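>
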Amino acid sequence: VYIVRSAPVEFEAGEGSRERYFILSFRDISEVRRIDRMRSDFVANASHELRTPLASLRGFIETIQGPAKNDLKAQAQFLNIMFDQTTRMSRLVDDLLSLSRLELKSHIAPDEKIDLVPLLGHVRDSLVPLARDVGVDINLHLPDGKVEVLGDRDELVQVFENLMENACKYGQEGEVVDVWLKNGAGHPVEVSIVDKGPGIPAEHVPRLTERFYRVSIEDSRSKKGTGLGLAIVKHILTRHRARLIVKSEVGKGTDFTVRF
Ligand code: ADP
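Counting from 3, one number per residue, gives the positions in the sequence shown under our numbering.
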C-alpha cells in the first residue's frame, strides 16, 4: 500500500520556453496498515472471547430470575457454570494485562542473575497438583551446580509454567513430560520441555505464538486455555533475547525448547 503524491514543476528552458515535469513521491505504508489491522483484529478477538462467557452469564441470570426462580437444584447447577465462566473471564483479563505490561517494557533487557536449577524445580513443584489431575509425571533432568542466565525471575517462572502446563494438558496421553536443562561448554543454555502427546501438525507450528491462535478451539477451551499463553511466552523471551524452538511430530509428541 502506497501513498503517492504528485506535484507539477516548471523550468525555464531558455529562449522563453518552459519545460513541465511532475515530481512523484511514493510512501510505503504497508507495514503501518498491517499493524493497524493486527491491532483491530486483536481487539475484535479479545472482545469476542469476553462476550461469549458474558452472554452465557446473562442467560443464566435471566433463567434464575424467571423460569428457574424456585428450582434450587437447577440454580445450584447454573451457579457452578457461572463460576466457571467468571473464572475464564478473569484468566483472560489477567493474560491481556500481562501482554500489555510486557509490551511496555519489551525494549528493556532484564539484568538479574537467575539460577535456572532451583527455578525449574519450583515451577515443577507448583504444577504437581495439575499434573496429578491429568495423570502426568513431570521429570526434571538437571545438571550439577548452577546454571545462570540474565533474566526476570517472575517472567521466567511464567514461561516455564506455561510450557510445562501445556505439555501436561495437551500431551496428557503420553503420561510423561521431560524437562531438560542443558548447559554444555561452548553451547547456549537451553531448556527443553518434551511431551509424548499427539503432537502438532506442521502447518500450525509457525502460528502458535500468535495471540488467540489455537490448533483446536474446543480442546483449548475444555482445558481452560485462553489462547494467549504462547504469545506471552514469546514476548517474555524476546525481552530476554532468547528464542523459542518448536519441534513436533504427529503421533510422537512435541518439544518446546527455550534457547538463551
Ligand atoms: P491455550 O491457552 O489455548 O493453551 P497457548 O498459547 O498456550 O494457548 O497454546 C496455543 C495452542 O497451541 C493450544 O491451544 C494448543 O492447540 C497448542 N499447543 C500448545 N502446547 C502444545 C503441546 N505441548 N502439544 C500439543 N499442542 C500444543
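Think of the CB as a built atom: it goes at the ideal place given N, C-alpha and C, for glycine as much as any other residue. Note that the structure is predicted; figures quoted are calculated from it, not measured.
Would you decide whether residue 40 is buried or exposed? Buried here means 16 or more other CB atoms lie within 10 Å of its CB.
By 1-based counting over the sequence shown, the position of residue 40 is 38. Counting Cβ neighbours within 10 Å, residue 40 comes out exposed, since fewer than 16 surround it.
> Here's the rule: buried if 16 or more other CB atoms are within 10 angstroms of the residue's CB, otherwise exposed. What is residue 293?
Summary: the structure shown does not reach residue 293, with the chain confined to residues 3 through 262, and so no result is reported for it.
> Could you give the DSSP three-state label for residue 44: helix, strand or coil?
Along the sequence shown, read from residue 1 onward, the residue named residue 44 stands at position 42. Note: residue 44 maps to helix in three-state DSSP.
> With H, G and I counted as helix, E and B as strand and the rest as coil, what does DSSP make of residue 4?
Along the sequence shown, read from residue 1 onward, the residue named residue 4 stands at position 2. Note: residue 4 maps to strand in three-state DSSP.
> Going by C-alpha to C-alpha distance, which of 261, 238, 229 sits closest to residue 93?
Residue numbering aside, residue 93 sits at position 91 when the sequence shown is read from its first letter. Among 261, 238, 229, the Cα nearest to that of residue 93 belongs to 229.
> Quick check: the Cα distance between residue 215 and residue 207, rounded to an integer number of angstroms?
On the sequence shown, residue 215 is found 213 positions in, with the first residue counted as 1. On the sequence shown, residue 207 is found 205 positions in, with the first residue counted as 1. For residue 215 and residue 207, the distance between alpha carbons rounds to 10 Å.
> Under a Cβ-count criterion, where at least 16 other Cβ atoms within 10 Å of its own Cβ denotes burial, should residue 134 be classed as buried or exposed?
For the purposes of this step, residue 134 is taken as residue 132 along the sequence shown, with counting starting at 1. Counting Cβ neighbours within 10 Å, residue 134 comes out exposed, since fewer than 16 surround it.
> Round the Cβ separation of residue 31 and residue 5 to the nearest angstrom and send it over; I've been treating them as touching at under 8 Å.
Here residue 31 corresponds to residue number 29 of the sequence shown, with the count starting at 1. Here residue 5 corresponds to residue number 3 of the sequence shown, with the count starting at 1. Indeed, because the Cβ distance is near 6 Å, the residues count as touching under 8 Å.
> Quick one: what's got a C-beta closer than 8 Å to residue 80's C-beta in the same chain, skipping five residues either side?
Numbered from its first residue, the sequence shown carries residue 80 at position 78. For residue 80, where only same-chain residues beyond five positions count, the Cβ hits under 8 Å are 62, 65, 66, 70.
> Take residue 152 and list the residues in its own chain whose beta-carbon comes closer than 8 Å to its own, dropping the five residues that flank it on each side.
Here residue 152 refers to the residue found at position 150 of the sequence shown. If we look at residue 152 and ignore the five residues flanking it on each side, its Cβ neighbours are 111, 112, 113, 114, 115, 116, 242.
> Counting C-beta neighbours from all protein chains within 10 Å, is the total for residue 226 16 or more, i.e. buried, or is it exposed?
The residue you call residue 226 lines up with position 224 of the sequence shown. With fewer than 16 Cβ atoms within 10 Å of its Cβ, residue 226 is classed as exposed.
> Helix, strand or coil, according to DSSP, for residue 179 in the structure here?
Taking the sequence shown and counting its residues from 1, the one referred to as residue 179 is at position 177. If DSSP states are grouped into helix, strand and coil, residue 179 belongs with the strands.
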